[in-house]
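To start, the structure under review is shown below, and the notes come after it.
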Amino acid sequence: MARGEVEFGINLIGGSDGELSFEPLIDDPFVLACRHDHALARKSALDWGDLEGHPLVTVSRSSGNRAILDAALVKVGVRLDWSFEVTHLSTSLGLVEAGLGISVLPKLATPGADHPIIVTRPIRDPEVSRTIGVVRRRGVKLAPAAERFLEMLLGTWRGPLPASG
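Below, the structure is given as structure tokens:
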């Protein structure tokens, strides 16, 4: 981005590079993903304490998602004991599907309500979310095609996420 190889990008939260701007696009809350036959699936919403005593799957500490989640939970004094650490969010869903644990991950990374095995539940008090947005170089005009694509993207993604099960 800073070298001018791309005109804009989509990323989590803002960066610290003064030559780049970050325009928030959507807030993506972290949710619980568990099997439909798991005890927590019977609840319509959870708090962080509900996760205690269950094997938890997370992504590695080098993940931006993990950094956001850890920082938010430290602020409110919640400490989760992770049983499994994986590299990719999709791997965590595979472990959940296999019945090896539950996972906390961004809503956009979860399967839809029609998934035959996995369900999602909101986690509140506090709700933790990641902000996804558009990163671009300050003061640089986009090419017409990039400008049009960005307009379509902003028109499609601005606003709340749809409900899922």
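Position in the sequence shown counted from 1, then plus 1345, gives you our numbering.
Heads up, the beta-carbon is just placed ideally off N, CA and C, and yes, glycines get one too.
Do residue j and residue i count as a contact pair if the criterion is CB distance below 8 Å?
i	j	result
THR1455	VAL1376	yes
HIS1365	VAL1479	Checking the displayed sequence, the identity of residue 1365 turns out to be Leu instead of His. No, they are not a contact pair.
ARG1475	LEU1357	yes
LEU1445	PRO1400	yes
ASP1511	ASP1392	The chain is shown only over 1346 to 1510; residue 1511 falls outside these bounds and no answer can be derived.
THR1436	SER1405	no
Report the residue from the options whose alpha carbon sits nearest the alpha carbon of residue i.
i	options	result
VAL1464	LEU1357, ARG1387 and ILE1355	ARG1387
SER1389	ASP1415, PRO1467 and ILE1447	PRO1467
ASP1395	TRP1502, THR1436 and VAL1449	VAL1449
PRO1451	ILE1462, PRO1374, VAL1404 and HIS1460	PRO1374
VAL1473	ARG1348, VAL1404, ALA1412 and ASP1362	ALA1412
Below 8 Å on the Cβ atoms is my guess for residue i versus residue j; work out the distance and round it to an integer in Å.
i	j	result
LEU1512	PHE1353	Past the boundaries of the shown model lies residue 1512; the chain is included only from 1346 to 1510, so the question cannot be answered.
LEU1499	LEU1370	7 Å
Discussion item. Any contact between the stretch 1380–1388 and the stretch 1419–1430? By contact I mean 3 or more CB pairs, one from each, below 8 Å.
Written reply: no
Worksheet item: For the stretch 1398–1428, which segments carrying the beta strand (DSSP E) assignment without a break, of at least 3 residues, lie completely within its bounds, in sequence order?
Response: 1401–1404
Discussion item. I'd like the ranges of any beta strand (DSSP E) spanning at least 3 consecutive residues and lying wholly in the stretch 1460–1506.
Written reply: Entirely contained in the stretch 1460–1506, the beta strand (DSSP E) runs reaching 3 residues are, in chain order, 1463–1469 and 1474–1482.
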